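A.B. asks: Residue numbers (this note's numbering): 154 to 1335.
1. How is the beta strand (DSSP E) around residue 629 delimited, first residue to last?
2. Is residue 1023 buried or exposed, if buried means 16 or more other CB atoms sit within 10 Å of its CB?
3. Check residue 867 in the structure and name its three-state DSSP category.
4. Within its chain, find whatever has a CB closer than 8 Å to the CB of residue 1268; leave out the 5 residues flanking it on each side and keep chain order.
5. Please state whether DSSP places residue 785 in a helix, a strand or coil.
6. For the candidate residues 1152, 765 and 773, whose alpha-carbon lies nearest to that of residue 784?
7. Return the first residue and the last residue of the beta strand (DSSP E) that residue 941 is part of.
8. Ignore the nearest five residues each way along the sequence and tell me which others in residue 1323's own chain have a CB closer than 6 Å to its CB.
9. Quick check on this structure: which residue in 822, 718 and 698 has the alpha carbon closest to the alpha carbon of residue 757?
10. Leaving out five residues on either side along the sequence, give the residues of the same chain with a beta carbon under 7 Å from the beta carbon of residue 276.
11. Could you tell me the distance, in whole angstroms, from the CA atom of residue 449 to the CA atom of residue 561?
12. Are there 16 or more other CB atoms within 10 angstroms of the CB of residue 936, so buried, or fewer, so exposed?
13. For residue 1207, which residues in the same chain have their Cβ closer than 7 Å to its Cβ, ignoring the five residues on either side in sequence?
14. What's the gap between the Cα of residue 940 and the Cα of residue 1162?
15. Compute the distance between the beta-carbons of residue 920 and residue 926, then report whether it is under 7 Å.
16. Do you know offhand how far residue 387's Cα is from residue 662's?
17. Label residue 452 either buried or exposed according to how many other C-beta atoms from any shown protein chain fall within 10 Å of its C-beta, with 16 as the threshold for buried.
18. How should residue 1058 be labelled, buried or exposed, when 16 other C-beta atoms within 10 angstroms of its C-beta is the threshold for buried?
19. In chain order, what residues of the same chain have a beta carbon less than 6 Å from the beta carbon of residue 908, not counting five sequence neighbours either side?
20. State the beta-bridge partners of residue 754 as determined by DSSP.
21. Could you check which residue in 218, 772 and 231 has the C-alpha nearest to that of residue 281?
22. Let me make sure I understand the geometry here. Which of 1138, 836, 1073 and 593 has the alpha-carbon closest to that of residue 1245?
23. Which word fits residue 172, buried or exposed, when buried means at least 16 other C-beta atoms lie within 10 angstroms of its C-beta?
24. DSSP three-state call for residue 380: helix, strand or coil?
25. Can you tell me whether residue 272 is buried or exposed? The criterion is at least 16 other CB atoms within 10 Å of its CB, across all chains shown.
26. From the DSSP output, in three-state form, read off residue 826 for me.
27. Have a look at 1299, 635 and 905 and flag the residue whose alpha-carbon is nearest the alpha-carbon of residue 1374.
28. Can you tell me whether residue 391 is buried or exposed, with buried defined as 16 or more other CB within 10 angstroms of its CB?
29. Can you check whether the CB of residue 227 is closer than 7 Å to the CB of residue 330?
30. Assuming residue 1332 contacts residue 1303 (C-beta within less than 8 Å), just tell me the rounded distance between them.
31. Please list, in chain order, all residues of the same chain as residue 1085 whose beta carbon is under 7 Å from its beta carbon, the five residues on each side excluded.
32. Since residue 603 and residue 723 are thought to touch, with beta carbons under 8 Å apart, how far apart are those beta carbons, to the nearest angstrom?
33. Whose C-beta lies closer than 8 Å to the C-beta of residue 647 among residues of the same chain, with five residues either side of it excluded?
34. What's the C-alpha gap between residue 318 and residue 286?
35. Please determine if the region 1054-1072 and the region 1086-1103 are in contact, where contact requires at least 3 C-beta pairs separated by less than 8 Å.
36. For residue 1182 and residue 1132, which I take to be in contact (beta-carbon distance under 8 Å), what is that distance rounded to the nearest angstrom?
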């Protein structure tokens, strides 16, 4: 470099060993010029990628971007002028390479910067982090040259003009450009301000200040929240995932070479190729990685940068302690202090961005999987659905998908932790030499122990999820039949069954708790043993080895880094093992067979609306319907009759494509309306149920209400047709629900109507009215095709054709009169119906009796006592059950303000007073032992001339304090986990008891089932798994902060002066955060329940949804509910990052002042300084 510059590149006497440091001219013209240039060229590809991916285009010219471009061009011109002036110098003296290469590099870089400004404007990029950092580096690296020009009177006028313009560019890049004129994304009503925030605002999350202030002033509501960003919407993230998932499905689909033989297909006369290879299950992981891997990869780069920066603090600490021991120039101490603060602050900003981006990836993965599970549930085949319970599917959405969101920020620790351990060992080798191998031996020994624990955790996790599925499924069944349960007084019996399952679940969780306690033991024991054995080996290898403060506390900082990595790595591995169970469960569900869209054709050339030729259908392996041939003409009524279990409902399912078509041909023309045997009602208003997503036509709507006899019902309901129907129509009678289902079908104005015994739940006179005015030959549907399954034979004379089913086959077909004359299956069925009608006093007898006289069955009819012998008995007509007509489904109430003290006391009481006190005592003891060990190490390292016996005492006491810390940590973990599980069990049982004994009319009629399931699934899961970790983290955080403040104040008493201002700022920050975050968590919980309520009712009415071709609308509704919940999650994530950045900056101020006061106090002991700064450095890790 000396030859390159023509002078000395580095001069220690000028730059370091002096009271007035300066850089050589060669260093200024090379390193300080090249650093920002190299940075811009390296990161330009990232800038280009951001421009290409950005969905905005063409920012209008304005003062900001014009100023940026103009100043950059002026800087380029000044550099060109300097380069041209070089021609004159060449003729006069020898010119070195540096004077030629440096201007060329600067000009090329400034041209690149100008191009980026122009292209950013064209591609709608409003702010650029790459350009901000580039100009920041230009400003920092230009300070020495600018100072030299002024101090040495060189009068380089071009640079005196150049540097102020660099500062102007840095200032301009702090602001954000105007919005783009064109965007490929739709406009949002309440867009997230992050997209309009500058780079600094994004790094500090300053754009969230408005929401934090609003949340502090009043309780937040969902209307106050910003919309999700375009890339975070459930539909957007699912589309990304599904693109790669479908590619995987297509790639793995069966090809010709996988077929091994030709054979007869079951139930068919056709020879088809049969696949002899087993079906290969696909994994969701590759598709997830391809969809979100790029953002994940960028987060991994941020993690790598943070890991490397983490080791700057120990290196700077080493230099600072060396400075304090050797008493160098004062400016060197200030430089070390500044470097320590800058390194810590840079780590804070990078780490906050890492967690933010990884949490966003987790959010997107969770949303995409939730949407994928919902869509799959709407497409899954009936055969596959038999092996999957609703509780299991809800757990897939609530627990399994959520695990990804929780794991994502920590998954990089799988490679990050070993990297940190290796780098720590390298630096420890530089400090302590071969003694480090003693610590390495400990880590190697503990590897198989961790492996055994991980395997055991996997077993427990699988068992726990199975018990959880069983418990949620049983609770779901109880809620479905709550009226029957209360009628027979079965509450205690089912409560006992649920509690038994819960006790098995708690038993497994307690076993897992002991394993977690063992993990906590290893978390404390491993780093302590590594440090202790390393120190023991170091002082015993050679008597000349002295544990100085420099060695001790730099080593302690490195051991702290290892402590975190060694502790987190096993936890992350366990977490990944648990996630693997969730992945397997999701894989199994996503690989289930779907309904075959080819089951039903839609050939427009076919004249008949419904046509089945030689159809064979099954629900599973065995045929259910055989040799089915149906030809339903336009505008006719076809009735389907038969005994129970003969296949009537299956025939309709076959027409809808719900059954597996083994062979044959099915064709359906036009739109289809379907009224199922089990009425399906949404948790919405009556009008919304009737409209079913269609636009309101007043005249048509009123006509439908009239023919379905719903006017009188509207008069008795509290809000008429705007009455909100409870979950599964619980506040309506069976007849009312059935008539609403019929009204929904009529209002759809379909071409084909499939009625599956639609009048079974209504009174006979109402049924007659509906048949005559709706289904019958003169009804409102007379110009449509109707397939009518019924057990009421009074309507049969009015239909065009009757099909009689027996054991899954069509035994007879024809008109009513033709079937009577045949005297076969239909006649037997009719006589059997009459016998039952006479026995039950059925009102339909009055209608059927005149039709049978003078018929081929008149002789058989004469043998039936049509008049009941109990002539004096009152006729009993089937009436619709009484319901609570005043009940309306209510919205879930959101708590406001502080969490009441009674809530905490209730939970502590559930945990148990003894365990609460024991947990607090053991956590305090653990921190006391930790502080004691560090103070003792400080005393030991300050005593450099200790004898062998004194050294042994130091080692013994240090080991004893460490052992006490380890045991305290283990006992604290045991008492905490067991206490939390006891509390969870108690709260679960209390909740279950209250729910089962809640009144039907004032609770179950107005409370959606999904809301109740949310309490028993997600909220109980939080009590079981999340809350213990939160409480443990809170104890560690609070006690660690107190310990740090105590140590720093003890070693540097003047530090107490800055504690009060820092504490005041901290108080206000946490006040803003707690008020906002608390309400966001409540909103997140409240907006989660509708997802599962909607999911539950969608699964129950999947056949109806598919029949009406409304799957897309329901998917859109589901995704809107997911988006609403994800909006709350997004705001919670930002609130956490907002708090984290500010608190860590306060922590960095503690580091700054602790180091600064140590430098200012020249008489400070190096051991105490090391202790103080080591503890101060831990603030940012809490």
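From the three backbone atoms N, C-alpha and C, an ideal C-beta is built for every residue, glycine too. Just so it is clear, the structure is predicted and the values come from calculations on it, not from any experiment.
C.D. replies: Taking the definition as stated:
1. One-based indexing of the chain shown puts residue 629 at position 476. Following the DSSP letters along the chain, one finds residue 629 in no beta strand (DSSP E) but inside the alpha helix (DSSP H) bounded by residues 589-633.
2. As a working note, residue 1023 is residue 870 in the chain shown. Unreliable placement is indicated for residue 1023, whose pLDDT of 38 sits below 50; the coordinate value is still reported in the next sentence. The residue is exposed, with fewer than 16 neighbouring Cβ atoms inside 10 Å.
3. On the chain shown, position 714 is the one that residue 867 refers to. Residue state, collapsed to three classes: helix.
4. Counted from its first residue, the chain shown places residue 1268 at position 1115. So the list reads 524, 527, 528 and 531, once near-sequence residues are dropped.
5. For the purposes of this step, residue 785 is identified with residue 632 of the chain shown, where counting begins at 1. Three-state DSSP puts residue 785 in a strand.
6. The residue you call residue 784 lines up with position 631 of the chain shown. Cα-wise, what sits closest to residue 784 is 765.
7. The residue given as residue 941 occupies position 788 in the chain shown. Segment 938-942, the beta strand (DSSP E) holding residue 941.
8. By one-based count along the chain shown, residue 1323 stands at place 1170. Cβ within range, chain order: 474, 702 and 706.
9. What you label residue 757 is simply residue 604 of the chain shown in a count that begins at 1. When 822, 718 and 698 are compared, the shortest CA-CA separation from residue 757 is found for 822.
10. In the chain shown, the residue the question calls residue 276 occupies position 123. 204, 207 and 210.
11. Start at 1 with the first residue of the chain shown, and residue 449 comes out as number 296. Start at 1 with the first residue of the chain shown, and residue 561 comes out as number 408. Approximately 9 Å, taken between the alpha carbons.
12. Within the chain shown, numbered from 1, the residue matching residue 936 stands at position 783. Exposed, since its Cβ has fewer than 16 Cβ neighbours within 10 Å.
13. In the chain shown, counting from the first residue as 1, residue 1207 sits at position 1054. Cβ neighbours of residue 1207 within its own chain (closer than 7 Å, five residues either side excluded): 1310.
14. Start at 1 with the first residue of the chain shown, and residue 940 comes out as number 787. Start at 1 with the first residue of the chain shown, and residue 1162 comes out as number 1009. Residue 940 and residue 1162: Cα-Cα distance of roughly 33 Å.
15. For this step, residue 920 is matched to residue 767 along the chain shown. For this step, residue 926 is matched to residue 773 along the chain shown. Between residue 920 and residue 926, the CB-CB gap reaches or exceeds 7 Å.
16. Along the chain shown, one-based indexing puts residue 387 at 234. Along the chain shown, one-based indexing puts residue 662 at 509. A straight line joining the alpha-carbon of residue 387 with that of residue 662 spans about 33 Å.
17. Within the chain shown, numbered from 1, the residue matching residue 452 stands at position 299. By the neighbour-count definition (other C-beta atoms within 10 Å, threshold 16), residue 452 is a buried residue.
18. Counting from one through the chain shown, the residue named residue 1058 turns up at place 905. Residue environment: residue 1058 is assigned as exposed (fewer than 16 neighbouring CB atoms within 10 Å of its CB, all protein chains considered).
19. Taking the first residue of the chain shown as 1, we reach residue 908 at position 755. So the list reads 828 and 941, once near-sequence residues are dropped.
20. Translated into the one-based positions of the chain shown, residue 754 becomes position 601. Paired residue(s): 820.
21. In the chain shown, the residue the question calls residue 281 occupies position 128. Of 218, 772 and 231, the residue nearest in Cα terms is 218.
22. Here residue 1245 is taken as the residue at index 1092 of the chain shown, counted from 1. Cα-wise, what sits closest to residue 1245 is 836.
23. Locating residue 172 in the chain shown gives position 19, counting from the first residue. Here residue 172 is exposed: its Cβ has fewer than 16 other Cβ atoms, across all protein chains shown, within 10 Å.
24. For the purposes of this step, residue 380 is identified with residue 227 of the chain shown, where counting begins at 1. Residue 380: coil per DSSP, three-state reduction.
25. Within the chain shown, numbered from 1, the residue matching residue 272 stands at position 119. Classification of residue 272: exposed, given that the 10 Å Cβ count is below 16.
26. Locating residue 826 in the chain shown gives position 673, counting from the first residue. Reduced to three states, the DSSP call for residue 826 is strand.
27. Residue 1374 cannot be examined here, being either before or after the span of the chain that is shown, 154 to 1335.
28. Taking the chain shown and counting its residues from 1, the one referred to as residue 391 is at position 238. With a 10 Å radius around the Cβ and a threshold of 16 neighbouring Cβ atoms, residue 391 comes out buried.
29. As a first step, residue 330 must be located in the chain shown, where it is residue number 177. As a first step, residue 227 must be located in the chain shown, where it is residue number 74. In this structure, residue 227 does not lie closer than 7 Å to residue 330 by Cβ.
30. In the chain shown, residue 1332 corresponds to position 1179, counting from 1. In the chain shown, residue 1303 corresponds to position 1150, counting from 1. Contact flag correct, Cβ pair sits at about 5 Å.
31. As a working mapping, residue 1085 is identified with position 932 in the chain shown. Within the same chain, Cβ atoms closer than 7 Å to the Cβ of residue 1085 are found at 1114, the five residues on either side in sequence being excluded.
32. Position 450 of the chain shown, counted from the start, is the residue given in the question as residue 603. Position 570 of the chain shown, counted from the start, is the residue given in the question as residue 723. Right, their Cβ atoms sit about 5 Å apart.
33. Counted from its first residue, the chain shown places residue 647 at position 494. Answer for residue 647: 627, 631, 638 and 1149, listed in chain order.
34. In the chain shown, the residue the question calls residue 318 occupies position 165. In the chain shown, the residue the question calls residue 286 occupies position 133. Distance between the alpha carbons of residue 318 and residue 286: 16 Å.
35. Contact between the region 1054-1072 and the region 1086-1103 is absent, because fewer than three Cβ pairs lie under 8 Å.
36. Against the chain shown, residue 1182 aligns to sequence position 1029. Against the chain shown, residue 1132 aligns to sequence position 979. Approximately 13 Å separates the beta-carbon atoms of residue 1182 and residue 1132; this is outside 8 Å, ruling out the contact.
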